[in-house]
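Undergrad:
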Amino acid sequence: MTDPVATVVDAARAFLGDRITTNTGLREHHSHGQDTQPPVLPDAVAFIETSEEAARVLMLCHAERVPVVAWGAGTSLEGHVTPVRGGITLDLSRMTKIISVSQPDMDCRVEAGVTREQLNTHLRDQGLFFPVDPGTSLCTLGGMCATRASGTNAVRYGTIRENVTGLTVALADGRLIRTGGRVRKSATGYDLTHLFIGSEGTLGVITEIQLRLHGIPEAMSAATCQFPTLRDAVETVIAILQTGIPVARMELLDDVQMGACIAYSKLEGLEAFPTLFFEFHGSQAAVTEQATQAEEIAAGYSGRG
């Protein structure tokens, strides 16, 4: 352990106690995400429970020029959480408070370590849900903001960028700032909220998030459609979007991707064609109408379900 790191660890123990550690097993756990990059061990791991603690650790690291990497759930597939220069990994997974939920205003404020799954379980009885779905329910909302996460339902609900109205961020010098707020529209001052979204920890560590919520739809329906060529599938997508059908999810896999899925699932005898996957949300009547309209458009481009 280098001297600057030792200085930070010793100083941080005054307020974190044993929640800052140089344990080899924990360092190994925080050495990589779910990507294929070579692991790199941090020099220490700090388990943060409040925004103020995050700010204090960052201030110490800044003073000693010690690198910091924020950690949520470690689900990154792109090397975001690998501490390539060592230093301190700031683990926010214990920041799991759902601070407030406003059912009438359809918004909530949460700590950065709350996962999509935890939030939607909490919201279910109130008829609300958070729609942004990057492909795993285990990712933290702080990580989703830091990486500007999206998903297959962005076509209707938008990405994380469109669903965040405010943040609390710990800066390197130890300051805590709040950006945005609960209002959906504001033309006052700089749009710092969207500056931090997608910044991947380079501007500060996100510790709290103000989120927009949506009502749980009465009905949901899924459908698939195969096409003879990729161009036919793409033309179908364009036509559906131009028609204004409010598709909730839409994803396209070409024949190579479908072939890989078929091989992985051991579904022998199936041919691989470019395939569109749909999901429709709304009332039962609306969902039926949306699916029928999409089917008619797809049929015009030789699509078959």
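Residue numbers (this note's numbering): 10 to 314. Ideal Cβ placement from N, Cα and C applies to all residues, glycine included.
Quick check on Thr297: does DSSP put it in helix, strand or coil?
TA: The residue you call residue 297 lines up with position 288 of the sequence shown. Correct three-state label for Thr297: helix.
Undergrad: Contact between the segment 196-209 and the segment 247-257 is defined here as three or more beta-carbon pairs at a separation below 8 Å; is this criterion met?
TA: Contact between the segment 196-209 and the segment 247-257 is absent, because fewer than three Cβ pairs lie under 8 Å.
Undergrad: Mind checking which residues open and close the beta strand (DSSP E) that includes Asp116?
TA: Numbered from 1 along the sequence shown, position 107 holds the residue referred to as residue 116. From DSSP, the beta strand (DSSP E) with Asp116 extends over 116-120.
Undergrad: For the 8 Å Cβ check, are there 3 or more pairs between the segment 213-223 and the segment 98-110?
TA: The segment 213-223, when compared against the segment 98-110, does touch it at the 8 Å Cβ threshold.
Undergrad: Can you check the segment 160-191 for any alpha helix (DSSP H) of at least 4 residues that lies completely inside it and give the ranges in chain order?
TA: Whole alpha helix (DSSP H) segments, 4+ residues: 163-166.
Undergrad: Note down, in chain order, each residue of its chain lying with its Cβ closer than 8 Å to the Cβ of Gly190, except the 5 sequence neighbours on either side.
TA: Counting from one through the sequence shown, the residue named residue 190 turns up at place 181. Closer than 8 Å at the Cβ level, and outside the excluded window around Gly190, lie Thr174, Gly175, Gln219.
Undergrad: Would you tell me roughly how many angstroms separate the C-alpha atoms of Gly95 and Pro47, rounded to the nearest one?
TA: Numbered from its first residue, the sequence shown carries residue 95 at position 86. Numbered from its first residue, the sequence shown carries residue 47 at position 38. Their Cα atoms are separated by approximately 13 Å.
Undergrad: Quick one: using the 10 Å Cβ neighbour count with 16 as the cut-off for buried, is Val14 buried or exposed?
TA: Locating residue 14 in the sequence shown gives position 5, counting from the first residue. When all chains shown are included, Val14 counts as buried.
Undergrad: Could you check what DSSP says for Ile97 in three-state terms: helix, strand or coil?
TA: What you label residue 97 is simply residue 88 of the sequence shown in a count that begins at 1. In the structure shown, Ile97 sits in a strand (DSSP, three-state: E or B).
Undergrad: If you run the structure through DSSP and keep just helix, strand and coil, what is Glu87?
TA: If you number the sequence shown from 1, residue 87 lands on position 78. In the structure shown, Glu87 sits in coil (DSSP, three-state: anything other than H, G, I, E or B).
Undergrad: Suppose contacts are defined by Cβ-Cβ distances below 8 Å. Is Val90 in contact with Trp80 by that definition?
TA: Looking up residue 90 in the sequence shown gives position 81. Looking up residue 80 in the sequence shown gives position 71. A contact, by the Cβ cut-off of 8 Å.
Undergrad: Answer yes if the segment 37-55 comes into contact with the segment 104-123, meaning at least three C-beta pairs across the two stretches below 8 Å, and no otherwise.
TA: The answer is no - the segment 37-55 does not touch the segment 104-123, with fewer than three Cβ pairs under 8 Å.
Undergrad: Report the option in Arg165, Asp44, Thr233, Glu87 whose CA atom is closest to the CA atom of His290.
TA: Working through the sequence shown from its first residue, we reach residue 290 at position 281. It is Arg165.
Undergrad: Looking at Pro226 and Leu261, is the spacing between their C-beta atoms short of 8 Å?
TA: Residue mapping note: residue 261 aligns to position 252 of the sequence shown, counting from 1. Residue mapping note: residue 226 aligns to position 217 of the sequence shown, counting from 1. No; because the gap between Cβ atoms is not below 8 Å, this pair is not in contact.
Undergrad: By the three-class DSSP mapping on this structure, what secondary structure does His39 have?
TA: The residue you call residue 39 lines up with position 30 of the sequence shown. Of the three classes helix, strand and coil, the one that applies to His39 here is coil, per DSSP.
Undergrad: Helix, strand or coil for Ala196, going by three-state DSSP, please let me know.
TA: Stepping through the sequence shown from its first residue, residue 196 is reached at position 187. The answer is coil: DSSP assigns Ala196 none of H, G, I, E or B.
Undergrad: So, for Leu25: in the same chain, excluding its five sequence neighbours on each side, which residues have a beta-carbon less than 7 Å away from its beta-carbon?
TA: Reading the sequence shown from its first residue, position 16 is the one you call residue 25. Excluding residues within five positions, the ones whose Cβ falls inside 7 Å are Ala55, Glu62.
Undergrad: Applying the 10 Å Cβ sphere with the 16-neighbour rule, what's the burial state of Asn172?
TA: The residue you call residue 172 lines up with position 163 of the sequence shown. Flag for Asn172 reads buried.
Undergrad: Alpha helix (DSSP H) containing Phe24: first to last residue?
TA: For this step, residue 24 is matched to residue 15 along the sequence shown. Looking at the DSSP string, the run of the alpha helix (DSSP H) that includes Phe24 is 12-25.
Undergrad: Please say whether Gly151 and Ala232 have beta carbons closer to each other than 8 Å?
TA: Position 223 of the sequence shown, counting from 1, holds the residue named residue 232. Position 142 of the sequence shown, counting from 1, holds the residue named residue 151. Contact flag unset, no.
Undergrad: Confirm, please, whether the CB-CB distance from Ile306 to Thr4 is below 8 Å.
TA: In the structure as shown, the chain begins at 10 and stops at 314. Residue 4 is therefore absent and cannot be evaluated.
Undergrad: Which term fits Thr33, buried or exposed, when burial requires 16 or more other beta carbons within 10 angstroms of its beta carbon?
TA: Reading the sequence shown from its first residue, position 24 is the one you call residue 33. Looking at its Cβ environment, which holds fewer than 16 other Cβ atoms inside 10 Å, Thr33 is exposed.
Undergrad: Is it buried or exposed for Ala21, if we count other Cβ within 10 angstroms and need 16 for buried?
TA: Counted from its first residue, the sequence shown places residue 21 at position 12. Counting Cβ neighbours within 10 Å, Ala21 comes out buried, since at least 16 surround it.
Undergrad: Would you call the CB atoms of Val75 and Val17 closer than 8 Å?
TA: For the purposes of this step, residue 75 is taken as residue 66 along the sequence shown, with counting starting at 1. For the purposes of this step, residue 17 is taken as residue 8 along the sequence shown, with counting starting at 1. Against a cut-off of 8 Å, the Cβ pair of Val17 and Val75 comes out as a contact.
Undergrad: For Arg313, which beta-bridge partners are listed by DSSP?
TA: To locate residue 313, count along the sequence shown from 1; it is residue 304. Answer by DSSP bridge pairing, in chain order: Gln235.
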